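Heads up, the thing below is written out as C-alpha cells.
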Amino acid sequence: MQHNLANNIPEYLARLNPEQAEAVETTDGPILVLAGAGTGKTRVLTTRIAHIISQNLAYPNQILSVTFTNKASREMKERVAGMLQRDVSGMWLGTFHSICAKILRRHAELLGFEQNFTILDADDQIRLLKKIMQDLKIDEKKWSPKVMMSIIQGLKDKGKKPEKVDSSYAGHIAEGRLAEIYATYQKRLKGMNSMDFGDLIMHCTNLFEEHSDVLALYHSYFKYILVDEYQDTNVVQYLWLRLLAQGSGNICCVGDDDQSIYSWRGAEIDNILRFEKDFANATIIKLEQNYRSTQNILSAASGLIAKNQGRLGKTLHSQGDKGNPVKVKFLWDGDEEAKFVAQEIESFNQIITAEKHKLSEFAVLVRAGFQTRAFEERFLTLNIPYKVVGGLRFYERAEIRDACAYIRVLMQPSNDLALERIINVPKRGIGKSSIEALYRNAREQGIPFYDSAVQMVQNKALATKARNELGELLGNFDRWRRMLNDVEHAEVVSLMLNQSGYIQMWKDEVQKEKSIEAQGRLENIDELVRAIGEFESLEDFLEHISLVMENEEANLSGEMVNIMTLHAAKGLEFDTVFLPGWEEGLFPHQRALDESGDGGLEEERRLAYVGITRARKNLFISHAANRRVYNQWQTSIPSRFLKDLPEDNVENMPSNLSIHSPSAQNASYSSYGTESREKSPLSQVPAGNGFSIGERVFHQKFGYGFINKMSGDNLEINFQHSGKKTLKTAYVEKV
DNA sequence: GGGTCCCCGTTTTTT
DNA sequence: ACGGGGACCC
C-alpha cells in the first residue's frame, strides 16, 4: 500500500483515529484493546500486524495471531496480505484449535500420541463416551452420555486432567465415578491415537507445562502475540496464552466484555475483566468511536447495557446522525409478528423509492431456532427470498459424515468409530450382535476394531452372512487402498462410494419417493468428491474436515433476507435489523435465568446488546402477546429489556392490540389460552363485505396485492408477485 | 436384524 | 406436537 516504508508516519496509521493508532503503535508489553461494537476492531488487529511487519519489528513467522473461528482467521489473513502486498503465509495465524493441532503434531510423541493423531468430532465423542459408560455400567438413564460429555468438556475447558478432578465436585456425579469415566475416555482416545477438540488446547497447554524446552522453543518463535475476541476465551486458552506470553511479553488481546455471550460453552468473561491483574503493567485502550450505527441505535444499546453490573464500562459515540428512533411493535402472536416484519421489509422497497434497499441488508435475529419457522413461512408465501444462516453445517450431515467415515477407514484403519459407523451402511447384515462380537474380540486381544474384523473373518468366527459380507468389505478396502498408488485420490473416493453400495443406497431412496432429501444428499456427496479433488491428498483433506470444514454452499449469496440467531449474528452488520420475540421467558430465556441467575440475565442482556448493535440505520424490536411453545399457547409479557431502552430513542409503533376494536382477524382470537385456534384467518373476513377497489389485501398463497375489480364476492386482485387472480372474498384478508 | 412402541427432551454452538 | 433413540419382541 504505502510506497515509502521508511516514512515516519505511514499512510496506514494516518487513517486511524487516535485510540486506534495507539493500539497499533503500542507494540511492546501486554495490551488490552477494549473494542466496542463497530469501532474498527478488525482494522486495528490487521493494521497492527502490518505495522509490526513493515516496521521490521518481526518477521511474519514470528507473529502468532489467534482467532476463534476459521472465518475470522481467513478474513484476517486476507486483509493483512492485502495491506502488505506480500506473502504472509509464514505467519502463525489461525484458530486456537488449528494452532494447537499444528504444535501438537510436532511433539505428539512427548505426550504418547503419534504424529498423525485424528481429531474426533462432537458426534464421535458422544458415541465413544456412551460405549465407555456402558462398559462401566453407568446408568445411562440417570446420566446421559450427552450430559456427561458436556461435564467432561467443561473440565477440559478449565484445563483439568482426570487426575485433577476434585472429588468434592465430582462426588455426586454418576455415582461418584466421573473421574473414572473421564480417565477411561482419555485412555480410549489415546489408544485410538485421537484427540477431541478440548484435548487440542489442554494437551498443548500440558505440553508447555511439562516440557520447558518445548515452551522455550515457542518463546523463541513468537515475538508478538495477538488474540481476537478475548472475551470468548476459556480458562485453558487463557493458561495457554499466559504460558506463551511469558516469552516476549508482547501480547495484545482485543475484545469486548459487553459482547461476551458464550459462557455456556466455557467462555470466561473474567479473563477480560481481570486482564490488568493477570498481565502486570498492561496498557488498556478503549475504542469507543463507533463507525456503524446511528446515535439513536447506539444510545439504545448503551442505555440497555448500562444496566449490567459486571462490566469494564465504555460508552459508544456515533459521529453520524441521530437517525430513526428504535421502533417497538406489540403484536398478537408469532404469526402476526412475522407478518409485520415481512410487511416492513416490503414497504421499505415500495414506499421509499429514493433509496434502494437490498434484501441482504435486512436481518431477522432471533433468540432461539424455533422462531425462524414463522418467518420462513411468511417469506415463502410472499416470495421474499431469504436464507437461514447457520443451519446444519455441511459436515454434520449424515451422508457427509458417512462418506468421511469411509475415507477415514481407508486412510486410518485403526479409527474404530469410523469403521463402526459404516460397517453396516448400506445394510450388509452385520448387525448389533456381530458388532458386539467384533468389539469383544478387539478388547480381549487389545487390537483395533478393524484388525479384529480381519481376524474374525479369517477365523470364520461370525455368522456366515455377516462373515461373507464383512470379508468382502475388508477386501474392498484393501483394493481401494492399493488403488491410491496409481489412481487420483478423488477418483478413488468416488469409486469407493459407488462400489461399496453407498451411492446406490441413496439412489434407492430416491426411487422410493422418499426422494426429496435423498436427491439433495446425492448432490452433497458429489460436492464432497469435487471438494476432495482440490486437496493435495486425502490426509490433507481429513485434517481439513476435522478442523475447518464449513458449509461451502453458504457461498451462494444472493439478494436474500437473513434469518439467524443472535449468537450467529455476532460480528455481522446490516442496515435494517429486526429483533422479534422480546418476551419474558424467551428473551431473556427462562433457562438462562434458571441455570445462571443474575449472571445469566446479564449474559442475555449482552446478547440483546449484540443484537441492537448489529443495525446501522433501522432497528425494529417486537414482542407478541401469545406464543406457541411446544405447541401449546402461552400468553407472554414484554421483555424486561424493553424497559432498559432509553425512552428518548424509542418510538412505540401503534398496535392494533389496544383495548378497543380488535381488527377483523383478531376478533376470533378472543379466547385466550389452550384452545385450538384457526390456523389461518381466512374465514374470519365477512364475505362480500368491507372491501373496496384499490385496497391492499393479502392472500395465503399469493401474498400481497391490490384490488382491481369487484363483483359479488369475487375480487380481481393484482398480486405483486403472482399477477392477476380472481378470488372469493373469503380467501382474502385485509391488511 | 428389523419392525414397533414408548419415552424424553425440545437456548444459544465453535472447533 | 413431534422426532430421535432405546427397549422389546419376533
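Residues in the first sequence are numbered consecutively from 1047, following my numbering. For every residue, glycine included, the Cβ atom is placed at its ideal position computed from N, Cα and C. None of the values given here were measured: they were computed from a predicted structure.
If the criterion is Cβ atoms closer than 8 Å, does the pair residue i and residue j meet it?
{"i": "Val1090", "j": "Gln1108", "result": "no"}
{"i": "Asn1544", "j": "Ile1446", "result": "no"}
{"i": "Val1500", "j": "Leu1484", "result": "no"}
{"i": "Ser1258", "j": "Thr1659", "result": "no"}
{"i": "Ala1081", "j": "Asp1324", "result": "no"}
{"i": "Leu1078", "j": "Val1070", "result": "no"}
{"i": "Asn1354", "j": "Arg1686", "result": "no"}
{"i": "Ser1701", "j": "Lys1373", "result": "no"}
{"i": "Leu1253", "j": "Leu1156", "result": "yes"}
{"i": "Gly1380", "j": "Arg1637", "result": "no"}
{"i": "Phe1243", "j": "His1153", "result": "no"}
{"i": "Phe1495", "j": "Asp1448", "result": "no"}
{"i": "Lys1204", "j": "Val1281", "result": "yes"}
{"i": "Asp1621", "j": "His1363", "result": "no"}
{"i": "Met1137", "j": "Thr1092", "result": "no"}
{"i": "Leu1625", "j": "Ile1667", "result": "yes"}
{"i": "Leu1612", "j": "Arg1413", "result": "yes"}
{"i": "Ala1083", "j": "Asn1336", "result": "yes"}
{"i": "Thr1230", "j": "Leu1182", "result": "yes"}
{"i": "Glu1573", "j": "Ala1564", "result": "no"}
Using 10 angstroms around the beta-carbon of residue i, count the other beta-carbons present and answer buried if the total reaches 16, otherwise exposed.
{"i": "Glu1124", "result": "exposed"}
{"i": "His1635", "result": "buried"}
{"i": "Pro1732", "result": "The predicted model places Pro1732 with a pLDDT of 34, which falls under 50 and marks its position as unreliable; any figure quoted below should be read in that light. With fewer than 16 Cβ atoms within 10 Å of its Cβ, Pro1732 is classed as exposed."}
{"i": "Arg1576", "result": "exposed"}
{"i": "Ser1714", "result": "Unreliable positioning characterises Ser1714 in this predicted model, as indicated by a pLDDT of 29, which lies under 50. The coordinate reading is nonetheless provided below. Result: exposed."}
{"i": "Asp1245", "result": "buried"}
{"i": "Ile1330", "result": "exposed"}
{"i": "His1218", "result": "exposed"}
{"i": "Pro1431", "result": "exposed"}
{"i": "Glu1057", "result": "exposed"}
{"i": "Val1193", "result": "exposed"}
{"i": "Glu1693", "result": "exposed"}
{"i": "His1706", "result": "Its pLDDT being 31, under 50, His1706 is placed unreliably in this model, and the value from its coordinates should be taken loosely. Under this definition His1706 is an exposed residue."}
Using only alpha-carbon positions, find the residue among the options that is nearest to residue i.
{"i": "Leu1272", "options": "Tyr1231, Ala1347, Tyr1284 and Gly1521", "result": "Tyr1284"}
{"i": "Ile1198", "options": "Arg1311, Val1126 and Phe1114", "result": "Arg1311"}
{"i": "Pro1076", "options": "Met1238, Asn1063, Val1300 and Arg1151", "result": "Val1300"}
{"i": "Phe1386", "options": "Glu1186, Gln1365 and Phe1425", "result": "Phe1425"}
{"i": "Thr1113", "options": "Ser1135, Thr1088 and Ala1127", "result": "Thr1088"}
{"i": "Cys1784", "options": "Ile1476, Glu1585, Arg1525 and Phe1163", "result": "This structure gives no information on residue 1784, because the portion of the chain shown stretches from 1047 to 1781."}
{"i": "Ala1507", "options": "Phe1523, Ile1493 and Ile1481", "result": "Ile1481"}
{"i": "Gly1293", "options": "His1265, Thr1279, Ile1315 and Leu1344", "result": "His1265"}
{"i": "Asp1185", "options": "Leu1261, Leu1166, Arg1151 and Leu1224", "result": "Leu1224"}
{"i": "Ile1227", "options": "Leu1175, Ala1512 and Asp1212", "result": "Leu1175"}
{"i": "Gly1604", "options": "Asn1677, Met1457, Ser1111 and Lys1433", "result": "Lys1433"}
{"i": "Pro1472", "options": "Ser1479, Glu1256, Ala1444 and Lys1332", "result": "Ala1444"}
{"i": "Arg1528", "options": "Gln1550, Leu1456 and Gln1565", "result": "Leu1456"}
{"i": "Arg1474", "options": "Asn1531, Ser1592, His1218 and Ser1546", "result": "Ser1546"}
{"i": "Thr1251", "options": "Arg1288, Asp1074 and Thr1230", "result": "Arg1288"}
{"i": "Phe1163", "options": "Thr1361, Ser1583, Ser1460 and Leu1062", "result": "Ser1460"}
{"i": "Leu1438", "options": "Ile1549, Gln1365 and Gly1415", "result": "Gly1415"}
{"i": "Gln1305", "options": "Tyr1441, Gly1356 and Val1696", "result": "Gly1356"}
{"i": "Tyr1676", "options": "Leu1632, Lys1689 and Leu1130", "result": "Leu1632"}
Tell me the DSSP bridge mates of residue i?
{"i": "Pro1684", "result": "Glu1629"}
{"i": "Tyr1432", "result": "Val1607"}
{"i": "Asp1303", "result": "DSSP, once it has assigned bridges, lists no residue as partnering Asp1303."}
{"i": "Val1410", "result": "Ile1609 and Phe1624"}
{"i": "Gln1678", "result": "Val1675"}
{"i": "Ile1667", "result": "Val1374 and Leu1625"}
{"i": "Cys1298", "result": "Ile1077 and Leu1272"}
{"i": "Ile1696", "result": "The residue asked about is misnamed: residue 1696 is Val in this sequence, not Ile. BP columns for Val1696 point to Val1372."}
{"i": "Ser1240", "result": "Thr1164"}
{"i": "Asp1379", "result": "Asn1672"}
Give the C-beta separation of residue i and residue j to the nearest angstrom, bearing in mind that I take them to be a contact with Cβ-Cβ under 8 Å.
{"i": "Leu1428", "j": "Met1606", "result": "At roughly 13 Å, the Cβ-Cβ gap does not stay under 8 Å, so Leu1428 and Met1606 are not in contact."}
{"i": "Tyr1270", "j": "Ile1318", "result": "No, Tyr1270 and Ile1318 are not in contact; Cβ-Cβ is about 20 Å, not under 8 Å."}
{"i": "Ile1307", "j": "Lys1616", "result": "7 Å"}
{"i": "Glu1858", "j": "Ser1682", "result": "In this structure the chain extends from 1047 to 1781, so residue 1858 is not present and cannot be described."}
{"i": "Ser1119", "j": "Thr1141", "result": "6 Å"}
{"i": "Phe1408", "j": "Asn1608", "result": "7 Å"}
{"i": "Ile1468", "j": "Tyr1452", "result": "6 Å"}
{"i": "Ile1343", "j": "Leu1665", "result": "5 Å"}
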